[in-house]
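Input: a single structure, listed below in C-alpha cells.
Number of protein chains: 2
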Amino acid sequence: MPDDAQRTARRGSYAKGVARRQEILDRSIEVFAERGSGRTSLRAIAREIGVTHAALSHYFGSLEELLVAVYEASSDKGGEPVPDDASPMDMMIESARTNRDVPGLVQLYSSLVAAALEDDHPVAHAFASTRFANLRHELAERIRQQQRSGRMRADVDAVAVAALVIAASDGLQTQWLLDESAPQHEALAVLEHLLQPPAPEE
Amino acid sequence: MPDDAQRTARRGSYAKGVARRQEILDRSIEVFAERGSGRTSLRAIAREIGVTHAALSHYFGSLEELLVAVYEASSDKGGEPVPDDASPMDMMIESARTNRDVPGLVQLYSSLVAAALEDDHPVAHAFASTRFANLRHELAERIRQQQRSGRMRADVDAVAVAALVIAASDGLQTQWLLDESAPQHEALAVLEHLLQPPAPEE
DNA sequence: GTCTATACTTTGATAGAC
DNA sequence: GTCTATCAAAGTATAGAC
Chain A
1 MPDDAQRTAR
11 RGSYAKGVAR
21 RQEILDRSIE
31 VFAERGSGRT
41 SLRAIAREIG
51 VTHAALSHYF
61 GSLEELLVAV
71 YEASSDKGGE
81 PVPDDASPMD
91 MMIESARTNR
101 DVPGLVQLYS
111 SLVAAALEDD
121 HPVAHAFAST
131 RFANLRHELA
141 ERIRQQQRSG
151 RMRADVDAVA
161 VAALVIAASD
171 GLQTQWLLDE
181 SAPQHEALAV
191 LEHLLQPPAP
201 EE
Chain B
1 MPDDAQRTAR
11 RGSYAKGVAR
21 RQEILDRSIE
31 VFAERGSGRT
41 SLRAIAREIG
51 VTHAALSHYF
61 GSLEELLVAV
71 YEASSDKGGE
81 PVPDDASPMD
91 MMIESARTNR
101 DVPGLVQLYS
111 SLVAAALEDD
121 HPVAHAFAST
131 RFANLRHELA
141 ERIRQQQRSG
151 RMRADVDAVA
161 VAALVIAASD
171 GLQTQWLLDE
181 SAPQHEALAV
191 LEHLLQPPAP
201 EE
C-alpha cells in the first residue's frame, strides 16, 4: 500500500515509520532467502540488519507476524505475473523452478505451515488456511477454463484437482529439498500427463 | 529390540533402564497424540509424565531425538500390517483415515519435516530423508506389481508415481487439517481414478 | 547405569525511559 | 517511535548421589 505512506506523510507523521518498516522487511527477505528460517531468531535477524530485537517487535508485533510478512512480501515480488490462460500445471512447474533458487523461503514456508497446524498459533493458521483456500479457488477457476477448452480431461472435479495439484507441488518440493534424487520434475510431468484429455482417436 | 533387553538383563543390567525408556516413550505417545507437539516442550512433557527434564535428556539425548523416537514408535503400532498386494492408493487412503484420529501425531510429523529442511537439524533431516526414500522405494515396488497385473496404467514411471502419491497424501492431509472443507478424500479418489488403466473397450 | 540438582545460554515478549 | 532493561521459559550440559 504505497498510497498509505504518501497520505500519512503529508499529515505530519509516521511516514518514517512506514519507510522503516519496509526497509526492515526488505533486509529480512534477503536474510531469509540466503539463511533460511532455522538459525534465524528474532534477535539474530535484528542483529543482522542493525536494529534491536525490540524494534522488530514494535513493527511486527511478534516473530510469527514478521515471518508471515516476510513470506508474503517475498512471494509477491517473486517472478513475473502469470498470464490469465496459463495452465495450472505450468504455474506450479514454474514456481518449483524459481523456488530452487531461494531454499530459505521454502524452509520459511514449510515452518509456517507446520506452525499453523499447532493449536496455539492463530497468526500462522490464518495465513496458511487462507493461502490454501485462495490458491484452491484460483486454480480451480483456471482448471475449469482448461476443461472447457478441451485442454484438460473433464471427468474430474476442478476443486479436487486444484487441491491435488497444490499438495503435489508442496510435497514434491519438500522431497526434493531433502534429497535431490527425488523425482520432483518427473512426478509433476506425470501428473500433467494424467490430466491430459484422452486422445479422441489414434 | 526385545532381545536386547533380555540379553542384557541376564548379565546384570540395565533392564530397568530399557523398560523405563519404553514407559517414557509410551506415555509420551499419549501426550503427543492428544496435545500435539506445539505446547509440548521437553520440560512440559517431563512434568506431565512425572520425571525431570534431565531424565528425558538422559534417555534420548535431545528433544529432537525424543520427537523422532515418539513418531516412529507410534507409527509402528498404528494400524494393522498391510497385505502385500494392497494397492498404494488404498494404503494412503487408509493411512489418511487413521490419521484423523490422532491429529497430534500429524502435527508432530509436520514439524519434524519442517525442521528437517533447516540446515542445522541433522537428526530430523536423517529421519525425514530416509523415511521418504524408503516410502518411495516400497511404494514403487507395489506400483510395479499393479502395473504388471494390469490394475494400474503402465505408461508412467513407478518411482515418479510413488513420489507423487506420497506428496499428495502429505499435502492433502495438511490442507484438511487446516480446513475441513478441503477435499482430501475427493482428491485422493481423483488421483486413484487417473491412475486406472484406460478402459480397453467400452 | 540411572537419575537429580543445578547452572548456563538464548529465546520471545513486555514495560517504561527518552 | 525507538531503545534499554528485565522477565519467564526454553534446550542443553555437567557433577555427583545412588
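Just so you know, the protein sequences line up as chains A and B, in that order. Per this note's numbering, the first sequence runs over residues 1 to 202. Per this note's numbering, the second sequence runs over residues 1 to 202. No residue lacks a Cβ here, since even glycine has one placed at the ideal position from N, Cα and C.
What do you reckon, are the CB atoms on residue i and residue j nearer than 8 Å?
i               : j               : result
R43 of chain A  : H58 of chain A  : no
L188 of chain B : I45 of chain B  : no
A160 of chain B : P88 of chain A  : no
E118 of chain A : G61 of chain B  : no
L178 of chain A : A128 of chain B : yes
A154 of chain A : Q145 of chain A : no
G38 of chain A  : G171 of chain B : no
Only counting the same chain, and skipping five residues up and downstream in sequence, which positions put a Cβ closer than 6 Å to that of residue i?
i               : result
E48 of chain B  : V31
D33 of chain B  : The amino acid occupying residue 33 of chain B in the given sequence is Ala; Asp does not appear at that position. V102, G104 and L105, listed in sequence order.
R142 of chain B : P88
E180 of chain A : none
Please classify residue i as buried or exposed, where buried requires at least 16 neighbouring CB atoms within 10 angstroms.
i               : result
D120 of chain B : exposed
P200 of chain A : exposed
P2 of chain A   : Low local confidence applies: a pLDDT of 42 at P2 of chain A is under 50, so the model's placement there is unreliable, and no value is given.
N134 of chain A : exposed
D101 of chain A : exposed
R97 of chain A  : exposed
A19 of chain B  : exposed
S169 of chain A : buried
A124 of chain B : buried
R131 of chain A : buried
A126 of chain A : exposed
A86 of chain B  : exposed
G12 of chain B  : Unreliable placement is indicated for G12 of chain B, whose pLDDT of 45 sits below 50; the coordinate value is still reported in the next sentence. That one is exposed.
Using C-beta distances below 7 Å, list every residue in its chain close to residue i, excluding the 5 sequence neighbours before and after it, in chain order.
i               : result
S41 of chain B  : none
L25 of chain A  : A69, V70 and A73
I174 of chain A : The amino acid at residue 174 of chain A is misidentified as Ile; the sequence shows Thr. So the qualifying residues of the chain are S110.
R136 of chain B : V159, A162, A163 and I166
I29 of chain B  : V70, A73 and S74
R10 of chain A  : Confidence at R10 of chain A is low in this model, with a pLDDT of 38, below 50, so the placement of that residue is unreliable and no value is reported for it.
A192 of chain A : Correcting the residue identity first, residue 192 of chain A is Glu in this sequence and not Ala. For E192 of chain A, where only same-chain residues beyond five positions count, the Cβ hits under 7 Å are M89.
M91 of chain B  : V82
W176 of chain A : A182 and Q184
G78 of chain A  : T98
Using a Cβ-Cβ cut-off of 8 Å (strictly less than) and excluding sequence neighbours within five positions of residue i, which residues of its own chain qualify?
i              : result
G50 of chain B : none
Q22 of chain B : none
K16 of chain B : none
ask   = Do the segment 109-117 of chain B and the segment 103-119 of chain A meet, that is, are 3 or more Cβ pairs less than 8 Å apart?
value = Judged by Cβ distances under 8 Å, the segment 109-117 of chain B makes contact with the segment 103-119 of chain A, as three or more pairs qualify.
task = Evaluate contact between the segment 60-77 of chain B and the segment 189-199 of chain A, counting only Cβ atoms and requiring at least three cross-stretch pairs below 8 Å.
result = Too few Cβ pairs lie closer than 8 Å, so no.
message = Count Cβ pairs between the segment 177-191 of chain A and the segment 161-170 of chain B that sit closer than 8 Å; are there 3 or more?
response = yes
ask   = Can you list, in chain order, the residues of the segment 157-184 of chain A whose Cβ is nearer than 7 Å to any Cβ on chain B?
value = Listed in sequence order: D157, V159, A160, V161, A163, L164, I166, A167, A168, D170, G171, L172, T174, Q175, L177, L178, D179, A182 and P183.
Interface residues of the segment 47-65 of chain A facing chain B [CB-CB below 8 Å] = Taking 8 Å as the Cβ-Cβ cut-off against chain B, none of the residues of the segment 47-65 of chain A qualify.
task = Could you name the residues of the segment 65-81 of chain A whose beta carbon sits closer than 9 Å to any beta carbon of chain B, in the order they occur along the chain?
result = Cβ contacts with chain B: none found.
key: Members of the segment 80-97 of chain A near chain B, C-beta cut-off 8 Å   = Listed in chain order, the positions of the segment 80-97 of chain A with a beta carbon within less than 8 Å of a beta carbon of chain B would be empty, since no residue qualifies.
request  = Check distances from the C-beta atoms of the segment 119-145 of chain B to those of chain A and list, in chain order, the residues that come in under 8 Å.
outcome  = For the segment 119-145 of chain B, which is checked against every Cβ of chain A, the residues closer than 8 Å are D119, D120, H121, H125, A128, S129, F132, A133 and R136.
Interface positions of the segment 21-41 of chain B facing chain A (Cβ-Cβ less than 9 Å), listed along the chain = R35, G36, S37, G38 and R39
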